[in-house]
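J.:
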Amino acid sequence: MIFRHPVFWLTLIFAGFMIWAPMHGNNVSLREDLILVAVAIILASNLNLMIGYTGYVNFGHIVFYGLGGYIGLYLATVRGWNLILSALLAGVGVSICALVFGLGILRLRGAYFALATIGILQAVQSFVSNFDPWGRSTGLYVSFDAYLPLGGARRALWIAYILIIVVMALSMILSLAIKISKFGLGLFAIREDEDAAVVLGVNATVYKAIIYSVSAFLPAVAGALMFYKNGMIDPSIAFEFMLSLEGIVMLMLGGKGTVIGAALGGGLYEKLRSYLLTAPKLSNFHLVIAGALLLVVVLFAPGGLIGWLYRLVPRSEKVIE
Amino acid sequence: MSGILASMIDGLLIGSVYGLAAMGLSLIWGVMDVINLTHGAVTVLGMFSMYLLFSAFPMNVYLLLLPVIVAGLILGLIIYWTSVHWVIDRPQLASLLSTFAVNMIIIGAGTAIWSTSPYNVNFTLRGITIGAYTFTGNHIAAAAGAVIIALALELFLNRTRQGKAIRAVADNREAAELMGISSTAVLALAFAIGIALAMASGALVSTLFPFTILSGATYQMKSFVVTVLAGLGKPLGALIAGILLGLLEGTVTPFIAVSWIPLIEFGLFVIVLVAFPKGLFARATA
């Protein structure tokens, strides 16, 4: 049972704290900090389903987030639908797209798959930049009226924040649920040796397509909420390749294959990045530092922070997850 | 009609430069089974080194290719020893991520130095005019340069001891070691040559189009498409596939907006991967 896992309760406590901290005293600047942390955790956790659990690198993971943002924003503002409904539909729509894409490109193994994901990102970006209903390269804007159904902009932003925290908590719980399920075991088997897994009766094609599609859902919902909150979207910010890559850095930093690691890496990296971006001498070099960090982790600590902890205190692996 | 023909010939010329870039990727991929994700960044470094060299020594740019290639060999050795050597026997994820980290470092440093504004190398060769169409001299010279470098590589791989050692290691590393080949030295050399090829192609591209530090992503994607079209570890095949890709681009550009090209290339990439996983030039026996 999932309720017996300490990670489940940790997630709930963490999410509760994330909601309580900025609301207590109406601290908007703290909220804006934490929302970025939450998005980082959502991206890293769902990326973990592919990289950490299944052993397939997805370089274009951000495409789910951006596409979700577009669908959600389009439905919520141009069509004037309810925000939660729009976000959920964005998630469903993107998951279906991912399933269709996935059935095609998941026939590719390992590195070929990784390359195809870069291609998907570029192809979708080039499609959206030419797509008239979504404003081509100028993108979409949220008119002020769109916030009225939620009681005005001020309240709408808080609602979007709380919803994003909920998505963050769901991401971590989803990761945990998959990890302790039979489906998760199948994914681990594919990661260790795909041919052997197939021989032992794991339907690798279906498993991979499902996990690819599942890993698209929550990032798409988060994208819809986040871009609604930001009030605008355009192809270059929706499909920012760098953010896709930073998601991989977060995951490796925290420790791939673990729920806590993905969340820890996402949170820490986002904090580090915002520190680097605001420090006057370092802001230009944040990518250099992120790259160096990734290199060090890959070369010397492939298990990330959590892997390092497990090696230091072997008992902790049993206690945590 | 003749407009399309002119556009196709231009595509052919540019395609040979794509082919040269892809040869670097294909060589590294084929010899050590590493997908070099620094490829795009290194291509851009080739563009900027050409820019810097030309600003310092305003002479014929094709003479400046030589120092760019030497710089590429040195850079290749540095990248190999810092980020590739240690992960070469680990699962592919490790080398993907480590070369990717180097890519981030290069792009980050480049953005800090040159920002993301466009640069160009201001050098023009006189072109050839046929009827109403002019083929610029730079395009012709770049294509010639690409083909010459490609043939030189092919000669090197087939006729010299070092080149044969590279092919032996690509075939079977253990067997090559048993025959007394130091595989580490060979891998480092192959990686350095691959990087130098990418730098050279970047240098040639810089004489054709304006570029920014972020231009690498486009050429990296094209190189992947070309490498996959050609099949892994077939450098000469990569040149031909590059020319094919250029020809395709030249054929479609009169009809559709340039911003659709990534979509077409990606479609091609997936179709080829799924339908011809060993490349278009795979032998029936292989």
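Going down the list, the sequences are from chains X and F. All letters in the first sequence, in the order written, are residues 1 to 321 by this note's numbering. All letters in the second sequence, in the order written, are residues 1001 to 1286 by this note's numbering. Built from N, CA and C at the ideal position, the CB exists for glycine as well.
Pull the bridge partners of Phe1211(F) from the DSSP assignment, please.
T.: Position 211 of the second sequence, counted from the start, is the residue given in the question as residue 1211(F). Looking at the DSSP assignment, Phe1211(F) forms a beta bridge with Tyr1119(F).
J.: In the DSSP output, what is Phe1135(F) paired with across the bridge?
T.: Within the second sequence, numbered from 1, the residue matching residue 1135(F) stands at position 135. Ile1128(F).
J.: Give the straight-line distance between the Cα atoms of Gly25(X) and Arg154(X), rounded to the nearest whole angstrom.
T.: Walking along the first sequence from the start, residue 25(X) turns up at place 25. Walking along the first sequence from the start, residue 154(X) turns up at place 154. Going from the Cα of Gly25(X) to the Cα of Arg154(X) covers about 15 Å.
J.: Can you find a CB in chain F that lies within less than 8 Å of the CB of Asn284(X)?
T.: Along the first sequence, read from residue 1 onward, the residue named residue 284(X) stands at position 284. Yes, contact with chain F.
J.: Can you find a CB in chain X that lies within less than 8 Å of the CB of Thr1160(F)?
T.: For the purposes of this step, residue 1160(F) is taken as the residue at position 160 of the second sequence. By this cut-off, Thr1160(F) is not an interface position.
J.: Rounded to the nearest angstrom, what separates Ala1198(F) and Val1068(F) at their Cα positions?
T.: For the purposes of this step, residue 1198(F) is taken as the residue at position 198 of the second sequence. For the purposes of this step, residue 1068(F) is taken as the residue at position 68 of the second sequence. Rounded to whole angstroms, Ala1198(F) to Val1068(F) spans 10 Å at the Cα level.
J.: According to DSSP, is Tyr141(X) part of a helix, a strand, or is it coil?
T.: As a working mapping, residue 141(X) is identified with position 141 in the first sequence. If DSSP states are grouped into helix, strand and coil, Tyr141(X) belongs with the strands.
J.: Pick from Leu36(X), Leu67(X), Ala44(X): whose alpha carbon is nearest that of Ala220(X)?
T.: Position 220 of the first sequence, counted from the first residue, corresponds to residue 220(X). Residue Leu67(X) is the option with its Cα nearest to Ala220(X).
J.: Can you pull the chain F neighbours of Ser126(X), defined as C-beta to C-beta under 7 Å?
T.: In the first sequence, counting from the first residue as 1, residue 126(X) sits at position 126. The answer, in chain order, is Ser1259, Trp1260, Pro1262, Leu1263.
J.: So with CB distances below 8 Å, who are the chain F contacts of Ile237(X)?
T.: On the first sequence, residue 237(X) is found 237 positions in, with the first residue counted as 1. Near Ile237(X) there are no residues of chain F at all, since even the closest Cβ is about 15 Å away, more than 8 Å.
J.: Which residues in chain X sit within 8 Å of Met1023(F), going by Cβ to Cβ distance?
T.: Counting from one through the second sequence, the residue named residue 1023(F) turns up at place 23. The premise fails here: Met1023(F) is roughly 17 Å from chain X at the closest Cβ pair, so nothing lies under 8 Å.
J.: Does the region 1190 to 1206 of chain F touch the region 300 to 320 of chain X, meaning 3 or more C-beta pairs lie closer than 8 Å?
T.: The region 300 to 320 of chain X vs the region 1190 to 1206 of chain F: no contact.
J.: With a threshold of 16 other CB atoms inside 10 Å of the CB of Asn46(X), please say whether the residue is buried or exposed.
T.: By 1-based counting over the first sequence, the position of residue 46(X) is 46. Asn46(X) is buried by the Cβ-count criterion.
J.: Just the C-alpha distance for His286(X) and Arg1159(F), rounded to the nearest angstrom, thanks.
T.: Mapped onto the first sequence, residue 286(X) falls at position 286. Mapped onto the second sequence, residue 1159(F) falls at position 159. The alpha-carbon atoms of His286(X) and Arg1159(F) are separated by roughly 46 Å.
J.: Would you mind sorting Phe1255(F) into buried or exposed? The rule is 16 or more other CB atoms within 10 Å of its CB.
T.: Within the second sequence, numbered from 1, the residue matching residue 1255(F) stands at position 255. So Phe1255(F) counts as exposed.
J.: Only counting the same chain, and skipping five residues up and downstream in sequence, which positions put a Cβ closer than 7 Å to that of Leu170(X)?
T.: Indexing the first sequence from 1 puts residue 170(X) at position 170. Within the same chain, Leu170(X) has close Cβ partners Leu218.
J.: Please work out which residues of its chain come closer than 6 Å, Cβ to Cβ, to Ala1241(F), disregarding the five sequence neighbours upstream and downstream, and give them in chain order.
T.: Walking along the second sequence from the start, residue 1241(F) turns up at place 241. For Ala1241(F), where only same-chain residues beyond five positions count, the Cβ hits under 6 Å are Val1226, Leu1229, Ala1230.
J.: Restricting to Cα atoms, I'd like to know which of Pro1262(F), Ala1168(F), Leu1263(F) is closest to Leu1027(F).
T.: As a working mapping, residue 1027(F) is identified with position 27 in the second sequence. The option with the nearest alpha carbon to Leu1027(F) is Ala1168(F).
J.: Does the beta carbon of Asn130(X) come closer than 8 Å to any beta carbon on chain F?
T.: Translated into positions along the first sequence, residue 130(X) becomes position 130. Answer yes: the Cβ-Cβ gap between Asn130(X) and chain F drops below 8 Å somewhere.
J.: Measuring CB atoms only, is the region 139 to 150 of chain X touching the region 257 to 264 of chain X, in the sense that at least three cross pairs come out at less than 8 Å?
T.: no
J.: Taking three-plus beta-carbon pairs below 8 Å as touching, is the region 182 to 199 of chain X in contact with the region 32 to 45 of chain X?
T.: no
J.: On a Cα-Cα basis, can you pick out the residue from Ile1009(F), Thr1111(F), Trp1260(F), Asn1138(F) that is closest to Arg1126(F)?
T.: Here residue 1126(F) refers to the residue found at position 126 of the second sequence. When the alpha-carbon of Arg1126(F) is set against those of Ile1009(F), Thr1111(F), Trp1260(F), Asn1138(F), the nearest one is in Asn1138(F).
J.: What residues are listed by DSSP as bridge partners for Ile233(X)?
T.: Working through the first sequence from its first residue, we reach residue 233(X) at position 233. Residue pairing of Ile233(X) in beta bridges, as defined by DSSP: Leu140(X).
J.: In whole angstroms, give me the CA-to-CA distance for Phe17(X) and Gly110(X).
T.: As a first step, residue 17(X) must be located in the first sequence, where it is residue number 17. As a first step, residue 110(X) must be located in the first sequence, where it is residue number 110. A direct Cα-to-Cα measurement between Phe17(X) and Gly110(X) gives close to 39 Å.
J.: Within 8 Å (strictly less), CB to CB, does Ile35(X) reach chain F?
T.: Within the first sequence, numbered from 1, the residue matching residue 35(X) stands at position 35. No, its Cβ sits nowhere closer than 8 Å to a Cβ of chain F.
J.: Hey, would you say Ala76(X) sits closer than 8 Å to Ser86(X), going by beta carbons?
T.: Your numbering for residue 76(X) matches position 76 in the first sequence. Your numbering for residue 86(X) matches position 86 in the first sequence. Yes, Cβ-Cβ distance for Ala76(X) and Ser86(X) is below 8 Å.
J.: Hey, quick one: how far does the alpha helix (DSSP H) through Pro133(X) stretch, first residue to last?
T.: Taking the first residue of the first sequence as 1, we reach residue 133(X) at position 133. Where Pro133(X) is concerned, there is no enclosing alpha helix (DSSP H), given that its DSSP letter is neither H nor E.
J.: For Trp1260(F), which three-state DSSP category applies?
T.: In the second sequence, the residue the question calls residue 1260(F) occupies position 260. Three-state DSSP puts Trp1260(F) in a helix.
J.: Tell me, please, whether the CB atom of Leu185(X) is closer than 8 Å to any CB atom in chain F?
T.: The residue given as residue 185(X) occupies position 185 in the first sequence. No, Leu185(X) does not count as interfacial toward chain F.
J.: Does any C-beta atom of chain F lie closer than 8 Å to the C-beta of Val57(X)?
T.: Indexing the first sequence from 1 puts residue 57(X) at position 57. By this cut-off, Val57(X) is an interface position.
J.: For a contact defined as C-beta to C-beta under 8 Å, what are the partners of Ile1035(F) on chain X?
T.: Looking up residue 1035(F) in the second sequence gives position 35. Contacts between Ile1035(F) and chain X, judged by CB atoms closer than 8 Å, involve Ala111, Ala114, Leu115 in chain order.
J.: Cutting at 6 Å between CB atoms, please list the residues of its own chain near Gly231(X), excluding the five before and the five after it.
T.: Residue 231(X) sits at position 231 when you count from the first residue of the first sequence. Listed in chain order, the non-local C-beta contacts of Gly231(X) below 6 Å within the same chain comprise Val142, local neighbours out to five positions each way being set aside.
J.: Which residue from Ala146(X), Asp132(X), Ala292(X) puts its Cα closest to that of Val78(X)?
T.: To locate residue 78(X), count along the first sequence from 1; it is residue 78. For the residues Ala146(X), Asp132(X), Ala292(X), the minimum Cα distance to Val78(X) belongs to Ala146(X).
J.: Give the list of continuous beta strand (DSSP E) stretches no shorter than 3 residues that lie fully inside the region 189 to 236 of chain X.
T.: none
J.: Is Leu36(X) near Ser274(X), with beta carbons less than 8 Å apart?
T.: One-based indexing of the first sequence puts residue 36(X) at position 36. One-based indexing of the first sequence puts residue 274(X) at position 274. Closer than 8 Å, so yes.
J.: Taking the continuous alpha helix (DSSP H) assigned at Ile162(X), which residues delimit it?
T.: To locate residue 162(X), count along the first sequence from 1; it is residue 162. Element bounds for Ile162(X): 152 to 179.
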